[in-house]
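Everything below concerns the one structure shown next.
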Amino acid sequence: MKTVLLAVQILYFSSQVSAVDPNLPEIPENFLVGAGSSAYQVEGAWNVSDKGEGMWDRWTHNNASYFGSGGNGDIAADSYHKYKEDVQLLKSMKLDVYRFSISWSRVLPTGSPYRVSRDGIQYYKNLINELLANGIVPFPTMYHFDDLQSLMEKTGGWANESMVEYFADYARVLFRELGPKVKHWTTINELNIYCGYIFYHNETDPDLAFSARYRCVHNQLKAHARAYHIYNEEFRSTQGGQVGLVVHSTNYVPVVAGDVESSKIAFDFDTGWIMHPIFSMEGGYPEVMKQRIAENSRAEGLSSSRLPEFSPEWTDYIRGSSDYLGINHFVTSVVERVPKRNGRWYDDLGLRRTQLTTSGTRIYPEGIGAVLRQIRDEYYNPPVYILENGMAEGATFNDTDRIYHLHFYMKEVMSALNDGCDIRSYAVWSLLDSFEWVAGYTQRFGLIHVDFNHPNRTRTPKLSSYWMKAVMEGRKLIPIWR
Ligand code: NOJ
């Protein structure tokens, strides 16, 4: 019954493709539409061959009760074994690009660049070859939250500057081994989210958590810039690709109408502090951030600011160190001013932020447009690749909410494109249902359903994937209903 219903709906979608509706935008030929995943969330095969232990392996094994359904990524969607099927699914939707990530512990089991796992590299070569053979652009991320456990133990993590060179070594191995066939590299995914999450959860002292978070982003920015310059100096002339990084970009709406300053400050403390060092003329962190954190640090009796400073050499080295800006967008938040108390700004920024949407609830498509236009206006209109946008739903096949979401977000992206924003891609998060960091398997973002109770991790296209296919066939958004 379900299949019959689906078939009827697909026919309906397809019949609409040619419908002339001037309000529904076309998707330009050179604009990449795709879907994404990340290594720990889909690969599984956590201990095959000589793979090292990842931080998430250790964490999930030691904290089984923490993860929604008690899950871990030991098998996940088993994409390590089923990557060919995944590529066929992408192809069946006629998608242009696959955004995936590489597992550090699979490629460098000990963290040393002298010990490259041949099996690990081969897996990614196979995936890339399979994508190319099917006409799909590979868009790998070097690092998507999944650290190598041994490096975490050696260094204490990203608040320690020695991580910068470990990452640089890893990046060089990836450029050398995989670069000949890759034209789009992302170094690091969502440094602002990773550093916030890791240190909020690991430190009991909130001030310590803040300063560790700042040092973590500081070091990840340096690590990113190291990878970018290594590419320039050693690989760009022969490989000719692009290197960028990905920021999680929230849209901020003021509680008090017209309080543009508050939304700008919230943006700077969240997203701007990643973009400003790279995409502004002067480099370094946004001024308001430097000022407010320095004031709080003084009020707390610290002899220097908790926000580290880049030396002039590092400022220059980081400024301009990206061929593009990658953004992920899920959330719009409201912001309101909080009065200073005891000479201190609330949470360093002086504002309270409350989420209006999360990745699984209400949608606010204007949010993605606002972020894109802000980037255009403040950062000299850099090329932007949207690498994640989507929503979570329960275990349904008839995911009309997702279709509704995708339709209106894509429409808003096309409108920003028409407004002169230099947007190059839109990738749905995610291709498959997968392990969702804190929520385990309880939140499903996929265009494709995965049966996590079945040993085969059976994949079943959801209605949204048929919608996507119909959109891609005409390269034009199609009508939706609810
Ligand atoms: C962004 C992260 O990069 C991704 O790993 C995660 O699954 C989605 N947000 C949804 O929470």
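Residue numbers (the numbering used here): 2 to 483. All C-beta atoms, glycine included, are put in the ideal place defined by N, C-alpha and C. All values reported here derive from a predicted model rather than from experimental measurement.
Check                                                                                                                                                                  : Outcome
Could you pull the DSSP bridge partners for W186 from this structure?                                                                                                  : V244
At which residues does the alpha helix (DSSP H) containing M143 begin and terminate?                                                                                   : Run containing M143: none in the alpha helix (DSSP H); it sits in the beta strand (DSSP E), 138-144.
Rounded C-beta distance between G395 and R445? I'm assuming under 8 Å.                                                                                                 : 7 Å
Sorted by chain position, which residues of the same chain lie with C-beta nearer than 8 Å to F409's C-beta, five sequence neighbours on each side aside?              : I364, P366
What's the call for G351, buried or exposed, on a 16-neighbour Cβ count within 10 Å?                                                                                   : buried
Please state the DSSP three-state secondary structure of R476.                                                                                                         : coil
I'd like to confirm the pairing. Which residues does DSSP put opposite P43 in its beta bridges?                                                                        : The sequence given here has Val at residue 43, not Pro. Paired residues: none, contrary to the question.
Is the segment 55-74 touching the segment 117-135, taking contact as three or more C-beta pairs under 8 Å?                                                             : no
Give the single residue among G327, N329, Q356, R345 whose Cα lies nearest to the Cα of E337.                                                                          : Q356
Could you give the uninterrupted runs of the alpha helix (DSSP H) lying entirely in the segment 77-141, keeping only those of 4 residues or more?                      : 80-93, 105-108, 119-134
V372 and S263: beta carbons closer than 7 Å?                                                                                                                           : no
If you draw a straight line from the alpha carbon of L209 to that of L149, how long is it in whole angstroms?                                                          : 23 Å
Just the Cα atoms here: how many angstroms apart are R320 and A226?                                                                                                    : 8 Å
Within its chain, find whatever has a CB closer than 6 Å to the CB of R377; leave out the 5 residues flanking it on each side and keep chain order.                    : C422
Confirm, please, whether the CB-CB distance from D79 to G53 is below 7 Å.                                                                                              : no
Classify V254 as helix, strand or coil using the three-state DSSP reduction.                                                                                           : strand
Closest to V332 by C-alpha separation, out of D349, G370, A258, would be which residue?                                                                                : G370
Return the CA-CA distance between W47 and L433, expressed in angstroms with no decimal places.                                                                         : 18 Å
When DSSP labels each residue in this structure, what does W405 get in the three-state scheme?                                                                         : Note that residue 405 corresponds to Tyr in the displayed sequence, not to Trp. The answer is helix: DSSP assigns Y405 an H, G or I state.
Looking only at its chain, what residues have a beta carbon closer than 7 Å to the beta carbon of T1, apart from the 5 residues adjacent to it on each side?           : Residue numbering for the chain in the displayed model covers 2 to 483; residue 1 lies beyond these limits and cannot be assessed.
Tell me whether R377 sits in a helix, a strand or coil according to DSSP, three-state version.                                                                         : helix
Is K470 buried or exposed, if buried means 16 or more other CB atoms sit within 10 Å of its CB?                                                                        : buried
Evaluate A134 with the Cβ neighbour count: other Cβ atoms within 10 Å of its Cβ, from every protein chain shown; 16 or more gives buried, anything less gives exposed. : exposed
Assuming S323 contacts L246 (C-beta within less than 8 Å), just tell me the rounded distance between them.                                                             : 6 Å
In the DSSP assignment, what are the bridge partners of V34?                                                                                                           : Y427
What number of angstroms, rounded off, separates the C-alpha of A20 from the C-alpha of M473?                                                                          : Because the pLDDT of A20 is 47, which lies under 50, any placement of that residue in the model is unreliable, and the number read from its coordinates should be weighed accordingly. When rounded, the distance between both Cα atoms is 14 Å.
Take Y215 and list the residues in its own chain whose beta-carbon comes closer than 7 Å to its own, dropping the five residues that flank it on each side.            : R307, L308, P309
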